[in-house]
Amino acid sequence: MGTSSADLKNAVRERYGAAAARVAHQEKTGCCGPSSCGCSSGDAAASDPITRDLYDVSEIASLPADAVAASLGCGNPTALATLREGEVVLDLGSGGGIDVLLSARRVGPTGKAYGLDMTDEMLALARENQRKSGLTNVDFLRGEIENIPLPDNSVDVIISNCVINLSGDKDRVLREAFRVLKPGGRFAVSDIVRRDGAGIPADVQRNLELWAGCIAGALSGEDYRSKLAAAGFGAVGIEVTRVYHADEARSFIESAGLDYDAIAPAVDGAFLSAFVRAVKPASR
Numbered sequence: 002m003g004t005s006s007a008d009l010k011n012a013v014r015e016r017y018g019a020a021a022a023r024v025a026h027q028e029k030t031g032c033c034g035p036s037s038c039g040c041s042s043g044d045a046a047a048s049d050p051i052t053r054d055l056y057d058v059s060e061i062a063s064l065p066a067d068a069v070a071a072s073l074g075c076g077n078p079t080a081l082a083t084l085r086e087g088e089v090v091l092d093l094g095s096g097g098g099i100d101v102l103l104s105a106r107r108v109g110p111t112g113k114a115y116g117l118d119m120t121d122e123m124l125a126l127a128r129e130n131q132r133k134s135g136l137t138n139v140d141f142l143r144g145e146i147e148n149i150p151l152p153d154n155s156v157d158v159i160i161s162n163c164v165i166n167l168s169g170d171k172d173r174v175l176r177e178a179f180r181v182l183k184p185g186g187r188f189a190v191s192d193i194v195r196r197d198g199a200g201i202p203a204d205v206q207r208n209l210e211l212w213a214g215c216i217a218g219a220l221s222g223e224d225y226r227s228k229l230a231a232a233g234f235g236a237v238g239i240e241v242t243r244v245y246h247a248d249e250a251r252s253f254i255e256s257a258g259l260d261y262d263a264i265a266p267a268v269d270g271a272f273l274s275a276f277v278r279a280v281k282p283a284s285r
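My numbering numbers the first residue of the sequence shown as 2 and each following residue consecutively.
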């Protein structure tokens, strides 16, 4: 990777802590800063190729505005996960809580929705969003997705939204997801993946800002399938939901200090949003 796991985690904490702070500032001032890709009413959200247009208006209309503004995902896992009344759901890297709150509504009062995040600012924002929502079947946990603070066989469904690609140890993340899922439990994740056969230029892979921005750490679809199988999962499937082109990310690439014209041919169409499904065998 060219950078240490500690450096990567620090970059992720800094990026997402700053995003939470911008949302909190927006609430106080009524102003959406131009650098916030998580500020859903601002120009940046409209132009961000990863985070825009993910949720139906009817889904988010009754959620706290800050939960929507802090959304930095690449998909809508709650709409694709087929959540059922009474299930226990865990969101890996829950951010401001949008997918946890949507999950809590889907599983109802007999179910439970957990959110796990390592960023204190996001956890504070998520807990405030929970308070505003009035939902009581929600619990936000502090921790890392490589070390999930829940017991074995305790979760029916694991969701995540553009977070697993951020980890420097994806094998451990998937093993931990397998551990906490109940036999027959489902892995239902939106993530950035790399088109099979597409390489990542070395200067992109070494760039911490592009790791924290969900690009440089993306697995290929083939690698994702292989790692899920190695962790013990079956029924693995990857459904592409969006293809990204270099011109959509020009400002992001240049802001990371890279030469857009030099790397555009290599990254154009190479990165995809996808819904990744897998199942923990019922016999395990």
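All residues carry an ideal CB built from backbone N, CA and C; glycine is no exception.
On a predicted model such as this, the values are computed, not experimentally measured, just so you know.
Under 9 Å between the Cβ atoms of residue i and residue j?
i, j, result
"residue 20", "residue 123", "yes"
"residue 106", "residue 85", "no"
"residue 275", "residue 242", "yes"
"residue 116", "residue 139", "yes"
"residue 239", "residue 247", "no"
"residue 94", "residue 127", "no"
First and last residue of the alpha helix (DSSP H) that includes residue i?
i, result
"residue 237", "Residue 237 -> not in any alpha helix (DSSP H); beta strand (DSSP E) instead, spanning 235 to 245."
"residue 196", "It is not in any alpha helix (DSSP H) - residue 196 carries neither H nor E in the DSSP assignment."
"residue 105", "99 to 108"
"residue 254", "251 to 256"
Under a three-way DSSP split, which group does residue i fall into?
i, result
"residue 129", "helix"
"residue 77", "coil"
"residue 277", "strand"
"residue 63", "coil"
"residue 93", "strand"
"residue 145", "strand"
"residue 185", "strand"
"residue 85", "coil"
"residue 220", "strand"
"residue 8", "helix"
"residue 262", "helix"
"residue 248", "helix"
"residue 140", "strand"
Out of the options, point me to the one whose CA is closest to residue i's CA.
i, options, result
"residue 131", "111, 184, 121 and 68", "68"
"residue 192", "283, 254, 73 and 186", "73"
"residue 163", "114, 127, 115 and 218", "218"
"residue 202", "281, 269 and 70", "269"
"residue 154", "134, 129 and 183", "183"
"residue 280", "249, 228, 185 and 261", "185"
"residue 236", "189, 194, 111 and 245", "189"
"residue 282", "231, 250 and 259", "231"
Kindly say whether residue i, judged by its beta-carbon, lies nearer than 9 Å to any beta-carbon of chain D.
i, result
"residue 119", "This model lacks chain D altogether; it includes just one protein chain."
Tell me the residue span of the beta strand (DSSP E) that contains residue i.
i, result
"residue 149", "Neither: residue 149 is in no beta strand (DSSP E) and is coded neither H nor E."
"residue 159", "156 to 162"
"residue 116", "113 to 118"
Heavy atom of the ligand FMN less than 8 Å from the Cβ of residue i, yes or no?
i, result
"residue 281", "Only the bare structure without any ligand can be found here, which leaves the ligand FMN out of the picture."
If we ignore side chains and look at the alpha-carbon of each, how far apart do residue i and residue j end up?
i, j, result
"residue 62", "residue 179", "33 Å"
"residue 267", "residue 199", "8 Å"
"residue 91", "residue 159", "5 Å"
"residue 79", "residue 103", "7 Å"
"residue 224", "residue 271", "14 Å"
"residue 265", "residue 66", "35 Å"
"residue 13", "residue 7", "10 Å"
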